[in-house]
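Below is one structure; the comments refer to it alone.
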Amino acid sequence: MATPTEHNEEEIHLPEPSIWPLIVALGFGVVPVGLLLHVYGHGLGIGIMGGGALIGIIASVAWASSVIKEKASIDQKWGADSLSLGWKLFLISEAAIFGAFFAHYFYIWWRDVETWPPPGTPSIDLMLPAIGTLVLITSSVTCEFAHKALILNRREATKNWLLLTILLGLAFLTIQAYEWGYLIYSYDFTVATNVVGTSFYLITGFHGLHVVTGLLLLILVYSRLEMGAFDRKRHFSMNAASWYWHFVDVIWLFVFLTVYIGIQT
Amino acid sequence: MSIGTPHPQKPTPAGAGHPVYTPTESPPHHTTEYTGIMRWLTTVDHKLIGIMYLWLALFAAVAGGAMAGGIRAQLAFPDGIGGERLMTPEFFNQLTAMHASFMIFFTIIPAFAGFGNYLIPILIGARDMAFPKMNAFAFWLLIPGMAIMLASFGFGASQAGWTAYPPLAGSQYSPFAGMDMWIFGVHLAGASSILAAINFIVTMTTMRAPGMKWFRMPLFCWATLVTSWMVLVGTPVLAGAVTMLLTDRMFGTGFFNPAQGGDPLLYQHLFWFYSHPAVYIMILPGFGIVSHVLASFSNKRIFGYKGMVYATAFIAVVGFLVWGHHMFSAGMEPWLRVYFSFMSMLVAVPTGIKVFSWLATIWGGSIQFTTSMLFALGFLGLFTIGGISGVFLANVPFDIQVHDTYFVVAHLHYVLFGGSAFTLLAGTYFWFPKMTGKYLSERLGKVIFWLMFIGMNLTFMPMHWLGIAGMARRIYTYREEFTALNQFVSMGYLLMLVGGLLLVGNIIYTVAIARRTAGNDVWGVNQTQQTLDWETTSPPVPHNFDRIPRIA
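Quick note, the sequences are listed as chains A and B, same order.
Just so we're aligned, residue 103 is where the first sequence starts under the working numbering, counting upward by one.
Just so we're aligned, residue 222 is where the second sequence starts under the working numbering, counting upward by one.
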């Protein structure tokens with residue numbers, strides 16, 4: 103565990119008040135209202151959902167940039183410790199959500215092991231997902247190269263490796279989307295087909311959502327690099343984005359080994 | 222001095238002889254200052270956020286208490302008054318579901334988050350939480366969460382209890398939007414809890430004052446730390462479970478639908494994997510609070526400080542391994558029943574360590590019967606009763622007999638009302654002067670305590686008998702022979718209602734009108750307790766301490 107670090111006793115830095123946390127909370131809080139209106143057949147639903155999300159996203163960006171500005175003006179030595187610990191804890195809680203979905207899947211598998219997989223499940227060709235796995239693992243490696251390049255202060259190389267990572271991530275998403283479309287249209291295999299379909303789409307879909315988030319983080323890091331942020335020691339956003347990306351990668355390995363290969367056996 | 226390892230050491234200011242806090246002529250200013258309502262809406266100060274959490278919890282307690290009133294009214298007159306029904310059975314079901322949801326997700330959990338927010342940075346000698354803006358965000362998430370849940374009454378609120386088991390909570394039997402709104406309310410409250418938990422863990426790991434070693438942290442900090450870990454690992458699983466329920470309802474997925482190969486029992490497993498630890502999430506911070514209160518008003522150090530810390534952690538670990546005892550009657554392998562039964566009884570061991578340490582703390586102390594102390598002592602007795610009926614329930618044969626009866630209702634209210642709520646009241650009377658500089662009326666406080674204590678026992682003790690005699694919970698009516706006892710129970714509710722209204726009135730009056738009279742050491746207990754909350758002004762300045770204290 104980290105030891106408490108020295109506070110600077112002479113200076114008292116209190117964070118600036120900010121309206122953004124409230125706006126973000128209210129913006130995203132409106133999203134479920136819109137979703138409900140939509141599902142229960144109200145015309146305004148989609149609009150309200152989109153509006154809430156838009157407000158939430160804009161306010162998040164405003165919040166992030168205010169934090170970046172504020173942090174740039176003070177010594178944030180102890181702040182970096184806190185941030186990295188906080189980010190790791192966040193990833194633990196993310197893993198726990200995946201844990202719930204996997205627990206469901208494993209339980210069903212264990213219960214139905216005699217007749218596995220349940221009727222209606224197509225035999226999924228492993229070639230495409232295997233390529234996707236390879237692409238995602240490669241992107242994890244290139245992401246690490248970007249991180250190392252930044253530590254060596256080679257900013258151009260960092261940007262190039264990051265760009266490659268982002269492209270590989272997009273390639274993965276494309277493969278995933280193609281596969282979904284293929285399964286849905288050729289085999290009529292949907293969330294409602296059977297419980298394996300449910301697990302398959304919810305787990306891969308939830309993972310895909312994390313890939314999208316990871317890509318957004320990488321793009322954020324890339325654009326901050328463009329703007330001249332970070333040096334070889336201070337680049338928490340880079341660390342955070344790369345941990346997140348590795349996390350997404352590890353989860354995918356789990357998905358591939360248990361869901362894809364598991365459905366076949 | 223007791224035998225226990227002394228907990229926090231005397232803080233020694235850097236310049237010897239000076240108090241840690243010295244009022245400065247010019248406190249630090251922000252470049253932007255807000256006043257009035259904007260000061261609250263934009264604040265990132267852990268103290269203001271903590272106070273907002275507490276107001277929200279008080280509001281939810283009044284709302285949830287009113288729902289309890291509806292439940293008790295119906296059960297006092299199940300056939301109505303003069304042939305006129307008080308409410309429809311459906312509305313009664315909504316009241317039971319929403320009473321529990323409000324009390325759990327919007328009263329007890331946010332109230333402890335409020336105390337944690339206010340006190341943790343002060344008790345560890347920090348100026349704020351690690352992530353002040355995220356802290357504000359975590360609080361604000363509760364507003365849409367509570368609004369959605371409250372608004373669900375207009376759209377067919379959940380009738381599936383706070384547990385929302387499918388198929389009852391599925392689209393076939395709960396076709397109304399209110400059920401979905403309940404799920405979103407839980408999502409938002411859960412997200413708020415997770416963010417707050419991350420913040421607490423990071424704050425206590427990286428921001429302790431120099432010399433504040435792990436084992437010098439006061440017990441309330443330890444309790445919050447352990448609780449935060451439980452929230453971090455458990456709450457996401459609840460979020461996952463209710464998300465599956467939501468997709469089953471909205472998009473026809475088959476997680477819990479047997480027709481598609483799903484399994485409704487699995488929801489119960491996932492739900493209780495969080496919701497049993499949630500029981501400890503709702504009581505461990507309270508354990509922390511009474512540890513402060515009992516030691517302070519016994520004029521002694523807490524007995525067995527380290528044992529208390531380990532017992533808290535042990536409860537948390539075992540708490541994750543006992544969820545199946547909620548499902549004994551739901552169908553389970555016999556060996557699993559034996560396992561869950563044994564593990565559940567095991568929880569009594571660390572809990573016993575804590576109860577006996579508290580008894581040893583007050584043993585031989587010079588006790589001051591303040592209102593706060595009365596609530597803490599009341600907690601000790603009531604929680605022990607709830608703990609013992611918990612051991613009954615851990616026995617499979619007994620549990621199957623009383624499953625879903627009022628015995629369970631009695632048990633859970635002894636631990637959640639006699640336990641959690643009494644610790645919250647003890648904490649309120651204890652730290653209110655620190656937060657506001659004003660004392661709540663002690664004379665009225667004692668009246669409130671006795672109303673609550675007597676009312677609580679009149680309400681919940683007879684429920685044990687009702688349960689053993691076979692009265693089912695969550696049903697708007699019952700067999701005729703239960704009428705007299707039920708009306709007696711509802712009278713008990715009235716006593717608690719009077720106590721609750723007096724308390725709310727007293728809090729509002731004190732905040733609005735009373736004068737500030739509290740000094741730094743509000744109760745004159747710092748000599749023995751030596752915790753940092755008594756080293757700063759009441760209320761503390763925005764930056765808590767002019768100099769970060771050094772703990773020697």
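Ideal Cβ placement from N, Cα and C applies to all residues, glycine included.
Residues near residue i by beta carbon distance below 8 Å, same chain, minus five either side
i                : result
His290 (chain B) : In the sequence as presented, His is not what sits at residue 290 (chain B); that position holds Gly. Correct list, in chain order: Tyr714, Leu718.
Val452 (chain B) : Ser414, Ile415, Ala417, Ala418, Ile502
Between the CA atoms of residue j and residue i - distance to the nearest angstrom
i                : j                : result
Ala342 (chain A) : Phe192 (chain A) : 11 Å
Val447 (chain B) : Pro571 (chain B) : 14 Å
Ser247 (chain B) : Asp742 (chain B) : Low per-residue confidence applies at Ser247 (chain B): pLDDT is 47, beneath 50, and the placement is therefore not dependable, though the value from the model is reported in the following sentence. Cα to Cα, the separation comes out at about 24 Å.
Glu702 (chain B) : Gly688 (chain B) : 13 Å
Leu187 (chain A) : Ala273 (chain A) : 31 Å
Trp276 (chain B) : Pro506 (chain B) : 18 Å
Glu311 (chain B) : Met367 (chain B) : 21 Å
His497 (chain B) : Arg257 (chain A) : 50 Å
His140 (chain A) : Ile150 (chain A) : 9 Å
Leu262 (chain B) : Tyr255 (chain B) : 9 Å
Leu776 (chain B) : His685 (chain B) : For residue 776 (chain B) there is no data in the structure shown, the boundaries of chain B being 222 and 773.
Ile125 (chain A) : Asn420 (chain B) : 20 Å
Cys442 (chain B) : Asn338 (chain B) : 10 Å
Gly640 (chain B) : Ile292 (chain B) : 21 Å
Asp754 (chain B) : Phe766 (chain B) : 10 Å
Gly201 (chain A) : Val538 (chain B) : 18 Å
Gly131 (chain A) : Leu409 (chain B) : 8 Å
Val543 (chain B) : Phe651 (chain B) : 33 Å
Proximal residues to residue i (C-beta, below 6 Å), its chain only, five neighbours per side dropped
i                : result
His312 (chain A) : Val350
Ile272 (chain B) : none
Val476 (chain B) : Per the sequence presented here, residue 476 (chain B) reads as Phe, with Val not at that position. Excluding residues within five positions, the ones whose Cβ falls inside 6 Å are Met465, Asp469, Gly483.
Leu595 (chain B) : Phe670
Ile170 (chain A) : none
Gln750 (chain B) : Ser517
Within-8 Å CB hit, residue i to chain A
i                : result
Trp493 (chain B) : no
Gly676 (chain B) : no
Leu277 (chain B) : no
Gly573 (chain B) : no
Lys354 (chain B) : yes
His547 (chain B) : no
Pro388 (chain B) : no
Thr680 (chain B) : no
Ala357 (chain B) : yes
Thr757 (chain B) : no
Thr738 (chain B) : no
C-beta atoms of residue i and residue j nearer than 8 Å
i                : j                : result
Gly720 (chain B) : Leu672 (chain B) : yes
Gln589 (chain B) : Ala551 (chain B) : no
Leu270 (chain A) : Thr244 (chain A) : yes
Gln315 (chain B) : Ala378 (chain B) : yes
Arg694 (chain B) : Asp625 (chain B) : yes
Val454 (chain B) : Val407 (chain B) : no
Tyr209 (chain A) : Val361 (chain A) : no
Met308 (chain B) : Met288 (chain B) : no
Val746 (chain B) : Ser517 (chain B) : yes
8 Å Cβ cutoff, residue i in contact with chain B
i                : result
Tyr289 (chain A) : no
Ser195 (chain A) : yes
Leu191 (chain A) : yes
Asn296 (chain A) : yes
Asp183 (chain A) : yes
Val237 (chain A) : no
Own chain partners of residue i with C-beta closer than 7 Å, once the 5 adjacent residues on each side are dropped
i                : result
Val617 (chain B) : Phe549, Arg558, Ser562
His249 (chain A) : Met340, Ser344
Pro244 (chain B) : Legend: pLDDT at Pro244 (chain B) = 45, less than 50; position of this residue unreliable, value from coordinates given subsequently. No residues qualify anywhere along the chain.
Ile574 (chain B) : Gly528, Ala532
Pro388 (chain B) : Tyr394, Pro485
Closer than 7 Å at the beta carbon, the chain A residues around residue i
i                : result
Lys268 (chain B) : Simply none; closest approach about 11 Å.
Phe405 (chain B) : Pro134
Pro498 (chain B) : Within 7 Å Cβ-Cβ: nothing; Pro498 (chain B) doesn't reach chain A, min ~12 Å.
Chain-ordered chain B contacts of residue i [CB-CB under 8 Å]
i                : result
Arg213 (chain A) : Asp484
Tyr362 (chain A) : Those do not exist, as Tyr362 (chain A) stays about 19 Å from chain B at its closest Cβ, beyond 8 Å.
Per-residue contacts from residue i into chain B (C-beta, under 7 Å)
i                : result
Gly234 (chain A) : Going along chain B, no residue has its Cβ under 7 Å from Gly234 (chain A), so there is no contact; the nearest lies around 23 Å.
Val350 (chain A) : Simply none; closest approach about 16 Å.
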